[in-house]
Amino acid sequence: MYAGGYQVRLQGHRQTGMGLIGVSLFGDASNLFYNPAGLSKMNTKWSIMAGASGIFSTTAFNLKNSVYQTTTDNPTGTPFYIYAAGMVTDRLGVGVGVYTPFGSSAKWDDDWAGSHLIQNISMKVFFIQPTVSYKISDMFSVGAGFVVASGSVELNKTTSYGTPTAVGAAGLSGNTISYGYNVGVTITPNEEWSIGVDYRSRVNMTMEDGDATFTLPTSVESIIPAKNYFNAELPLPANLDIGVAYKPSDKLTLALELNYVFWGVYDSLKFEFKEKPELLNSSNPREYSNTMIFRVGGEYVINDLLTVRAGFYYDPTPTDSEYFTPETPSLNTYGFSAGISIKPTKNLAIDISYLHLETQESVRSYAPEYFTGTYNGRTMIPGIGVSYNF
Amino acid sequence: MKLKNIILLLALGMLFACEPKIDDFTTTSGGADFSKYVAIGNSLTAGYADKDLYLSGQENSYPAILAYQFEAAGGGEFKQPLMFDEYGFGNRLLLEASIPAPVPAGIAPDQRNFTSIAANGPFNNMGVPGAKSFHLVPGAEAYSALNPYYARFAAIPGTSTVLEEAASQNPTFFTCWIGNNDVLGYALSGGVSDSITPTALFQMAVGGVLQGMTANGAKGAIANIPNVTDIPFAQFMNTQVPYNALVLDDEQAAGLNFAYGQFELFLASQGITWDYPTFSAGPNAFMVSDETLPLPHPFNVRQMTPGELFLLTLPTDSLPMGMGSVNPAADPIVPWGIPSQYVLLSNEIAEINQAVGAYNEIIAGYATQFDLALVDMNAEFNTVATKGMEVDGIMFTTAFISGNTFSLDGVHMTAQGYSMAANFFIEAINDKYGSGITTVSPRLYPGIYYYQ
């Protein structure tokens, strides 16, 4: 929804303000996420940053062949980041960051037309990433970070085993710890140009013995137990980012970036249950495709106090039009961003960003359940953070 | 740019922040005007299911589904005489999954279900469970007091008629599906009680209904009658107990032949010469009571023939006790034919088929005469019964419980089944009037409900 699928790239308000561009921008600890190689090219010896955004998103749905319309009532998403980094020597930068690169929440009415697919889902992921970066020369830097990923998912949906007064329901929740990495290089041939390449690995969230609760009529409980455990795997896809920044003057920076997201790994969502697997196990096709996101952004330093930014991007959906589920109503999305930084002192900056997402109204189906309709969405993401560089 | 301006710009962005919208698609009404729709009919029109009339069944009745789909083409409010809960008159069946079999819900219904809601009328859904064709028209005033389903919403019980209440709402569009009960009551009782409505009476009653409904120029649709012997009520038991499931060994066959030889001797002593069939080892056809035989009870029994149908009510636990052959507990031993209320005999099936055929000819004639859309439910349900019909991945058959079409009473439909019926109406209406009403997905309607 926020960056295609369930990826969230709001890991710095400078970058968010510039259309979520970051791989070719250096200077502070937010490089931890966007390109670890940049940590050895910080402007100051130390950099500490923290920030958060509020995601206010709504998806509208119109059932095919019907006057039925509804909208989600999504809770506010709150991605955040905390980074601390330092130049240990002139050439070696180290740091650690905690951030939320994936996540999703969708809350439809409990009795909406697609409740058999999803009523509500909340997926929370945060990464902890210790990182080192080495400046090989003025032109080349490299960096690498090790990722510890902590994830949790909770979802609720209805089942077809209803009583006259209660719809049968299934609730699933689970936690997992997994691992990955983040590596990057920067090339700065001269003062004006900088190039960055970053690769963030796939992380498999493998849930084992997650809790499954079935709220079913008692006459069905002899067939399907109320308490159960499940295994499932949800891939967090790899990203390859390539970008270039051009700085025609001290005040102006213009940047282009391409993100290749390896969504193709998400081909199905499989659930394996401990009890009654022969009845309950399911393999649910998702058939995601790799996507390429195109971003453009700029930054202008007005004076020592104020910097302004703007950006734009187009983020095509990784979903398949025949296997589109309302649990992740990700559509082709246009992102418009703006941001400012205010520096009350030489070392302290307050970074504010605003990202507005408009989706392309689309007819989508979940073919296995014959669930078809028109989806549209809108998202507003204001964010604020502080940086202390010294 | 000043800081103030930037903040203003951001604030403006937030103002845009209304919810996303989806443009309404357009549905066309064609040559019909759906602004005031009234449905006339029986239990199928009311939304009856699982042996009762209850709230969610009514909300998913085919007229309610039609009215919802008409909304996009100028349809107006559609009021139904809703029950107050899911237990109607207290007869509702639910599925006990562990058997699996229907069991009574056993929950006391809301007492308001038994009180009149006429003050909230008039109602667009004039479906009355149990109604036959001639119960709708003038002359049947008493029926509005006698039928408890109608009595609870009739404007003046004892005076109102369905036709008068429906027509006086000045509908611009109506649907009529009536006549099922004119043969169904006879069929459900195994031809023992109730009677088939004479064709002439059916013709007069339906003609009166259509005359009254079209008097002010209303357009409409009329559905014909599916073959009632295809319903699970008449089919399911035969998949469990074949007509020739009286399986005997040599000794048992000899015992029965001796017993029936004694019956022949007894009848001869009464001056009746009769030849009962001979039983043999292996499967034998059950003995069934047949009132048309010139024999005194309980000797009026004969073997069942292929094609005769056990009804869902067949007390199968009596079969091992001797029902279908002889009653060994009686003294002296007498024949024990399966009582005919549990069986549709071939002559009864023939009568039912003949009546349904005659009714459907009358309905087709009226559709032409009154220029109405004709919904060929008989052909559609024949397909469901013979081949099954897949809609959005749901396979509709006439199988009991698992067939998706019929509810737990084996006679009336599930909400999914009713949504399919609504689609047959929509297709016929679009064909007739050139309208563009969209069909619905049965996926969005509930199937069988479970026992809690």
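As given, the protein sequences belong to chains A and B, one line each in that order.
Just remember that my numbering sits 28 ahead of the position in the first sequence, which is counted from 1.
Just remember that my numbering sits 1354 ahead of the position in the second sequence, which is counted from 1.
Ideal placement from N, C-alpha and C gives every residue a C-beta, glycine not left out.
is_contact[residue i, chain B] using C-beta, thresh 9 angstroms
i, result
"Y398 (chain A)", "yes"
"F89 (chain A)", "yes"
"Y362 (chain A)", "no"
"I251 (chain A)", "yes"
"Y351 (chain A)", "no"
"S247 (chain A)", "yes"
"L308 (chain A)", "no"
"T281 (chain A)", "no"
"V293 (chain A)", "no"
Through-space distance from residue j to residue i, alpha-carbon basis
i, j, result
"Y1504 (chain B)", "P1435 (chain B)", "9 angstroms"
"A338 (chain A)", "G66 (chain A)", "22 angstroms"
"V1595 (chain B)", "P1689 (chain B)", "20 angstroms"
"T347 (chain A)", "S317 (chain A)", "7 angstroms"
"F1640 (chain B)", "I1703 (chain B)", "18 angstroms"
"M1355 (chain B)", "Y274 (chain A)", "Below a pLDDT of 50, predicted positions are generally treated as unreliable, and M1355 (chain B), at 48, falls in that range; no measurement from the model is reported."
"F1779 (chain B)", "N287 (chain A)", "52 angstroms"
"M29 (chain A)", "T87 (chain A)", "A caution first: M29 (chain A) carries a pLDDT of 45, below 50, which makes its placement in the model too unreliable to give a value."
"N1777 (chain B)", "V1482 (chain B)", "21 angstroms"
"Y162 (chain A)", "L284 (chain A)", "24 angstroms"
"A240 (chain A)", "T187 (chain A)", "13 angstroms"
"D1671 (chain B)", "M1677 (chain B)", "9 angstroms"
"G142 (chain A)", "L200 (chain A)", "17 angstroms"
"L1665 (chain B)", "N1535 (chain B)", "17 angstroms"
"R37 (chain A)", "I1394 (chain B)", "59 angstroms"
"R392 (chain A)", "Y189 (chain A)", "27 angstroms"
"K302 (chain A)", "V248 (chain A)", "17 angstroms"
"I378 (chain A)", "W221 (chain A)", "26 angstroms"
"E350 (chain A)", "Y294 (chain A)", "15 angstroms"
"R1542 (chain B)", "S1700 (chain B)", "Arg is not the amino acid found at residue 1542 (chain B); the sequence shown has Leu there. Roughly 14 angstroms between the two C-alpha positions."
Simplified DSSP assignment, three categories, for residue i
i, result
"L183 (chain A)", "strand"
"R392 (chain A)", "strand"
"Q1423 (chain B)", "helix"
"L1666 (chain B)", "coil"
"G1401 (chain B)", "coil"
"F399 (chain A)", "strand"
"V414 (chain A)", "strand"
"S304 (chain A)", "Looking at the sequence itself, residue 304 (chain A) is Lys, so the reference to Ser does not match. K304 (chain A) falls in the coil class under three-state DSSP."
"R314 (chain A)", "coil"
"W291 (chain A)", "helix"
"T1722 (chain B)", "helix"
"M1677 (chain B)", "coil"
"P1800 (chain B)", "coil"
"F1587 (chain B)", "helix"
"S1807 (chain B)", "Absent from the model: residue 1807 (chain B). The displayed extent of chain B is 1355 to 1806, so no value can be given."
"H1489 (chain B)", "helix"
Residue-chain proximity (residue i, chain A), Cβ-Cβ < 9 angstroms
i, result
"I1783 (chain B)", "no"
"Q1423 (chain B)", "yes"
"K1486 (chain B)", "no"
"Q1465 (chain B)", "no"
"V1794 (chain B)", "yes"
"K1375 (chain B)", "yes"
"A1400 (chain B)", "no"
"M1355 (chain B)", "Any reading at M1355 (chain B) needs caution, since the residue's pLDDT is 48, under 50, leaving its predicted position unreliable; the model's value is listed next. Yes, its Cβ sits closer than 9 angstroms to a Cβ of chain A."
"D1746 (chain B)", "yes"
"L1448 (chain B)", "yes"
"Q1806 (chain B)", "yes"
"E1440 (chain B)", "yes"
"P1800 (chain B)", "yes"
Supposed contact pair residue j and residue i - C-beta distance, whole angstroms, cut 8 angstroms
i, j, result
"A113 (chain A)", "G123 (chain A)", "3 angstroms"
"S26 (chain A)", "N148 (chain A)", "This structure cannot speak to residue 26 (chain A), because chain A is shown only from 29 to 418."
"T1568 (chain B)", "F1724 (chain B)", "5 angstroms"
"N1478 (chain B)", "A1421 (chain B)", "7 angstroms"
Problem set entry | Meets three-Cβ-pair contact criterion under 8 angstroms: the stretch 1405 to 1417 of chain B and the stretch 124 to 141 of chain A | no
Exercise. Are the stretch 386 to 394 of chain A and the stretch 55 to 70 of chain A touching by the rule of at least three beta carbon pairs closer than 8 angstroms?
Worked result: no
Exercise. Is there contact between the stretch 1576 to 1587 of chain B and the stretch 1706 to 1717 of chain B, where contact requires at least three CB pairs shorter than 8 angstroms?
Worked result: Three or more beta-carbon pairs separated by less than 8 angstroms link the stretch 1576 to 1587 of chain B to the stretch 1706 to 1717 of chain B, which places the two stretches in contact.
For this session: Please confirm if the stretch 1791 to 1798 of chain B is in contact with the stretch 215 to 234 of chain A, defined as three or more CB-CB distances below 8 angstroms between the two stretches.
Result: no
Problem set entry | Given 8 angstroms, three or more beta-carbon pairs between the stretch 1518 to 1536 of chain B and the stretch 1484 to 1493 of chain B | yes
For this session: Pair every Cβ in the stretch 1470 to 1482 of chain B with every Cβ in the stretch 1495 to 1514 of chain B, then say whether three or more of these pairs are closer than 8 angstroms.
Result: yes
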